[in-house]
Ligand code: ADP
């Protein structure tokens, strides 16, 4: 016998399971059935990949009143010793760190903790809601059988055992029933829980009570109807059923934000049931994130997380596609090449984008929640999917220089008379961007500017030249400056002055010039030629891509009192130049390069 300790985070979760009062303790039955169903899926996939005929999957729950146990038996994939340690002794999730953090933030709040647990896929531990001890007997093909035992307090034991059947038996030694609530040793109570939460599980779930007389002649009947919810007409499925199926599918204990269910007829027939979750999964931005749609063919489960059915910019969508036409022995390679797969993907994308558009127009609050959670991901589609670029652009929510939020359609609708461009300011300066000097002439002319604050914005905006007939134009571009066109009287008179500044700044800037766009502020940076921010430059460089040389222009505003002062104080022009440069950096949200030099010079000027 070997003793092992639970990983620290796993222990935290266990403590929570054991000590919290759950609003709905019955869900552990659903979790364990879900795991059994997943294990059968995995064994099926393995058999299919090896060209074997998979065994019929089945799940059996056995109540033993005398021993006070409830067992979950499946003929799924089973676990070997390493699996037991990796799957049941740790939280095998790449987001473990985030999880621990979120958990400590959730503190005593049971509801939040429940949601978190669902999101992180620690469903097995829910057994400890009802059990004082859990015993897992399991066998994987070609491996010895093992028995895993734990009381959920710090450690667990693993031992070899004798067992021929491939699959797992999870036995819960139940805590004494307290007060109200369902009795997990009562057949009717357990049956009603299975019906309520696991009716649509695609494998039959049998319920037996130890010591009960069995009629040998009668075929046992499964408790669940096994009705594939996605195959039923949408009109007949109740919201509650959709939500339950979502729990089963996604192991998320919270409700989905929204779902859509449809059937495509014709030469490529399929049903799809797709969900948009409320929370992002922890691996949403990991390069190897698990995502995709579960593929069924004629109601037979074929593949989990099939990435060929959904593009990565919709990777938050979960669900099921059930095809009538794809061949049952489909492999990943075949799937990738089959034109029907591409057609399903195209249809799924269109339906989801349409659905989001409807939400945006009819359920603003829900849409705002969606956008906060997944907007960043959806925006990736602006680069990835040129055929849907316009629909995606219409779904984007933009902050504006007037402190409002707008869609691109509303922006165009409310343009000022004569306005012919869509103006934007891409900056990673965060909320401070609304005070950027570059917006001054636009504010003065009452023109609205879109504030693009995500790093990704800067990338797509280079890829999306226009919306409707309007070009996207950066407020710091030369083009925008020409339009801003504040007349500067006798520009020539400032030439010596700007030359002086250029001389003291040297190679830091390409050019120093009199600004036509600044109204109040003394200085700002703009770009000569194509505009690429320092952040983007670093990104491109790190990807080994060539980046055009940076040509920064320092614009100064002769109407600003500081600049006026500077022109009078010719001896200190070098010090002033350093300060101006730092001010322009600060306005762009950059950190000041040579801070000590800046401080010294500023101090000298202030002292004067
Ligand atoms: P999740 O199912 O969300 O991954 P769980 O904590 O419920 O998280 O389960 C952890 C892992 O333990 C599963 O991913 C699976 O690999 C394994 N496991 C759980 N139950 C079984 C079972 N009945 N048969 C085989 N493997 C199982």
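Residue numbers (the numbering used here): 15 to 622. Every residue gets a Cβ at the ideal spot worked out from N, C-alpha and C, and that includes glycine.
Item                                                                                                                            : Value
Whole-Å CB distance - residue 241 paired with residue 214, under 8 Å assumed                                                    : 6 Å
First and last residue of the uninterrupted alpha helix (DSSP H) at residue 511                                                 : 509-519
C-beta atoms of residue 456 and residue 463 nearer than 9 Å                                                                     : yes
Residue environment, residue 614, which counts as buried when at least 16 other CB atoms sit within 10 Å                        : exposed
Spatial distance of residue 169 from residue 197 (CA atoms)                                                                     : 28 Å
Reduced DSSP category for residue 55 - H, G, I as helix; E, B as strand; rest coil                                              : helix
4 or more residues per run - each alpha helix (DSSP H) lying fully within the region 280-355                                    : 346-351
heavy atom of the ligand ADP below 8 Å from residue 75 C-beta                                                                   : no
Local conformation of residue 477 per DSSP, three classes                                                                       : helix
Helix, strand or coil at residue 523 according to DSSP, with G and I counted as helix                                           : coil
Bridge partner(s) assigned by DSSP for residue 171                                                                              : 17, 163
Whole-angstrom distance between residue 449 and residue 439, CA atom to CA atom                                                 : 11 Å
Near the ligand ADP: residue 97 beta-carbon under 8 Å from a heavy atom                                                         : yes
Contact check, residue 224 vs residue 61, beta carbons under 9 Å                                                                : no
Check whether residue 56 and residue 160 have beta carbons under 9 Å apart                                                      : no
Nearest neighbour of residue 441, chosen from 432, 266, 453 [CA to CA]                                                          : 453
Length of the line joining the Cα atoms of residue 461 and residue 344                                                          : 56 Å
heavy atom of the ligand ADP below 8 Å from residue 50 C-beta                                                                   : yes
Cut-off 7 Å between Cβ atoms - residues of its own chain near residue 396, not counting five sequence neighbours on either side : 403, 406, 407, 474, 477, 478
DSSP bridge partner residues for residue 88 (one or two, in chain order)                                                        : 73, 182
Residue range of the beta strand (DSSP E) that includes residue 540                                                             : 537-541
3 or more residues per run - each beta strand (DSSP E) lying fully within the region 213-273                                    : 219-223
Residue from 292, 152, 167, 311 whose Cα sits closest to the Cα of residue 175                                                  : 152
Residue 517 classed as buried or exposed, judged by whether at least 16 other C-beta atoms fall within 10 angstroms             : exposed
Alpha-carbon to alpha-carbon, residue 369 and residue 274                                                                       : 8 Å
Beta carbon of residue 571 nearer than 9 Å to that of residue 515                                                               : no
Residue 22 versus residue 28 - alpha carbon distance                                                                            : 10 Å
Heavy atom of the ligand ADP within 8 Å of residue 261 beta-carbon                                                              : no
Residue 108, DSSP secondary structure in three states                                                                           : Confidence in residue 108 is poor, its pLDDT being 45 and thus under 50, which makes the residue's placement too unreliable to answer from.
For residue 258 and residue 211, believed in contact at Cβ under 8 Å, the rounded distance                                      : 6 Å
Span separating the alpha-carbon of residue 4 from that of residue 469                                                          : A query on residue 4 cannot be resolved here, the shown segment of the chain reaching from 15 to 622 and no further.
For residue 320 and residue 308, believed in contact at Cβ under 8 Å, the rounded distance                                      : 7 Å
Residue 152: first and last residue of the uninterrupted beta strand (DSSP E) it sits in                                        : 145-153
Whole-angstrom C-beta distance between residue 426 and residue 419, which should lie under 8 Å                                  : With 8 Å as the limit, residue 419 and residue 426 do not qualify as a contact, their Cβ atoms being about 15 Å apart.
Residue burial classification, residue 628 (beta-carbon count within 10 angstroms, cutoff 16)                                   : This structure gives no information on residue 628, because the portion of the chain shown stretches from 15 to 622.
Other residues of its chain near residue 191: CB distance less than 7 Å, five sequence neighbours each side excluded            : 197
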